[in-house]
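Asks:
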Amino acid sequence: MQLIYRGILVLTLIGLVGCKATKNAASTEDLASAKIIKAHYDTHPEFQTLAARLKIRYSDPETTQNVTVSLRMKQGETIWMSASVLGISLAKAMITKDRVQFYEKIDGTYFDGDFELLSDLLGTELDYDQVEALLLGQPIYDLRSGGFSAGATSSRYLVAPRKQSALFDLFFYLNSGAFTLQEQRLAQREAQRDLTISYGDYIEEQQGFFPSEIHVKAQEAEKTTTIDITYRGLDFNSEVSFPFNIPGGLKEIEL
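If you read the sequence shown in the numbering used here, its first letter stands for residue -5, the second for the next number, and so on.
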């Protein structure tokens, strides 16, 4: 269970080490790129709260785990998750703008820190908005920053920095019809790291589109880690609560 939480909150973003979006603005605005990027952001659903069930499968060379997770979210403020097996609650996590907390009962461990600590660990800026974007089928960087260009390929639109970094490549792929995000990929050639986040079919919800599945693949040299997330039972704009208290007697995780 600890592996799944660390996977969602940390491991799936480990491929971002050293990566930052390029922000070199073009001298003249590319109208076609701006239209494609705007069309994508128009697909985002509008909601205040979300409650859902997640089926999560985590796999790495040493282990495979399956778990059911209850997800609650207040957009832009709080992400809360409670994991269970056979109806028994085993772990919880809560992420806010300035705090990351989770605990796991079987191993008797917990983490209580902030994004600055995780950013120092990863070597790049990480914040709440990036974690939320990953779960909602949205780019982890703001494509409207002026540093990105977009164009059509044979089957979809490709959005990428106008100037890729010498250390990494960053790509976003959009559906050619609906402009929803199909895949976001970050690759560090020298370090042999590759992070791919792909999305299954989208469903129309709240005047936008919501992903039904998320597939994360993190490759580092010969090691491959995957996390497959399936959404079940979406409920928008109902009243939600975020009960969270780290039990006593647990051992703090040292990242």
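Ideal Cβ placement from N, Cα and C applies to all residues, glycine included.
Answer with buried or exposed for residue 44, where buried requires no fewer than 16 other C-beta atoms within 10 angstroms of its C-beta.
Replies: The count along the sequence shown starts at 1 and reaches residue 44 at position 50. Buried: at least 16 other Cβ atoms inside 10 Å.
Asks: When you compare only the Cα positions, how much space is there between residue 54 and residue 62?
Replies: Here the question's residue 54 lines up with position 60 in the sequence shown. Here the question's residue 62 lines up with position 68 in the sequence shown. Spanning the two alpha carbons is a distance of roughly 18 Å.
Asks: In terms of residues, what are the limits of the beta strand (DSSP E) holding residue 210?
Replies: As a first step, residue 210 must be located in the sequence shown, where it is residue number 216. Per DSSP, residue 210 belongs to the beta strand (DSSP E) from 207 to 214.
Asks: Let's test the definition: count the other Cβ atoms within 10 Å of the Cβ of residue 82 and tell me whether it reaches 16, buried, or not, exposed.
Replies: Translated into positions along the sequence shown, residue 82 becomes position 88. Burial call: exposed.
Asks: Can at least three beta-carbon pairs, one atom from the stretch 30 to 45 and one from the stretch 140 to 155, be found at a separation below 8 Å?
Replies: With a cut-off of 8 Å, the stretch 140 to 155 and the stretch 30 to 45 count as touching, because enough Cβ pairs lie within range.
Asks: Do residue 244 and residue 35 have their C-beta atoms within less than 8 Å of each other?
Replies: In the sequence shown, counting from the first residue as 1, residue 244 sits at position 250. In the sequence shown, counting from the first residue as 1, residue 35 sits at position 41. Not closer than 8 Å, so no.
Asks: Whole-angstrom Cβ separation of residue 219 and residue 207, contact assumed at under 8 Å?
Replies: On the sequence shown, residue 219 is found 225 positions in, with the first residue counted as 1. On the sequence shown, residue 207 is found 213 positions in, with the first residue counted as 1. Going by Cβ atoms, the distance from residue 219 to residue 207 rounds to 17 Å, so no, they are not a contact pair.
Asks: In this structure, does DSSP put residue 196 in helix, strand or coil?
Replies: Within the sequence shown, the letter at position 202 stands for residue 196. In the structure shown, residue 196 sits in a strand (DSSP, three-state: E or B).
Asks: Return yes when the Cβ of residue 214 is within less than 8 Å of the Cβ of residue 187, no when it is not.
Replies: As a first step, residue 187 must be located in the sequence shown, where it is residue number 193. As a first step, residue 214 must be located in the sequence shown, where it is residue number 220. Yes, these two residues count as a Cβ contact at 8 Å.
Asks: Determine the DSSP secondary structure at residue 154, reduced to helix, strand or coil.
Replies: Mapped onto the sequence shown, residue 154 falls at position 160. Strand, per DSSP.
Asks: Taking only three categories from DSSP, how would you classify residue 30?
Replies: On the sequence shown, residue 30 is found 36 positions in, with the first residue counted as 1. DSSP places residue 30 in helix when its eight states are reduced to three.
Asks: In the DSSP assignment, find the unbroken alpha helix (DSSP H) run with residue 127 in it and report its ends.
Replies: Position 133 of the sequence shown, counted from the start, is the residue given in the question as residue 127. Where residue 127 is concerned, the enclosing alpha helix (DSSP H) stretches over 122 to 130.
Asks: Name, in chain order, the residues that DSSP records as bridge partners for residue 179.
Replies: Here residue 179 corresponds to residue number 185 of the sequence shown, with the count starting at 1. In the DSSP output, where bridge partners are listed per residue, residue 179 has 165, 190.
Asks: Determine the DSSP secondary structure at residue 110, reduced to helix, strand or coil.
Replies: Translated into the one-based positions of the sequence shown, residue 110 becomes position 116. It is helical.
Asks: Given that a residue counts as buried once 16 or more other Cβ atoms are within 10 Å of its Cβ, and exposed if not, what is residue 257?
Replies: With the chain covering -5 to 249 only, the question about residue 257 has no answer from this structure.
Asks: Go through its chain and collect everything with a Cβ distance to residue 237's Cβ below 7 Å, but skip five positions before and after it.
Replies: For the purposes of this step, residue 237 is identified with residue 243 of the sequence shown, where counting begins at 1. Around residue 237: no qualifying Cβ.
Asks: In angstroms with no decimal places, state the Cα-to-Cα distance between residue 106 and residue 85.
Replies: Here residue 106 is taken as the residue at index 112 of the sequence shown, counted from 1. Here residue 85 is taken as the residue at index 91 of the sequence shown, counted from 1. Looking at the two C-alpha atoms, the distance is approximately 14 Å.
Asks: Taking residue 239 as the reference, give the member of 69, 95, 77 with the closest Cα.
Replies: In the sequence shown, the residue the question calls residue 239 occupies position 245. Of the candidates 69, 95, 77, the one whose C-alpha sits nearest the C-alpha of residue 239 is 95.
Asks: Tell me the DSSP secondary structure of residue 97 in three-state form.
Replies: For the purposes of this step, residue 97 is identified with residue 103 of the sequence shown, where counting begins at 1. The answer is strand: DSSP assigns residue 97 an E or B state.
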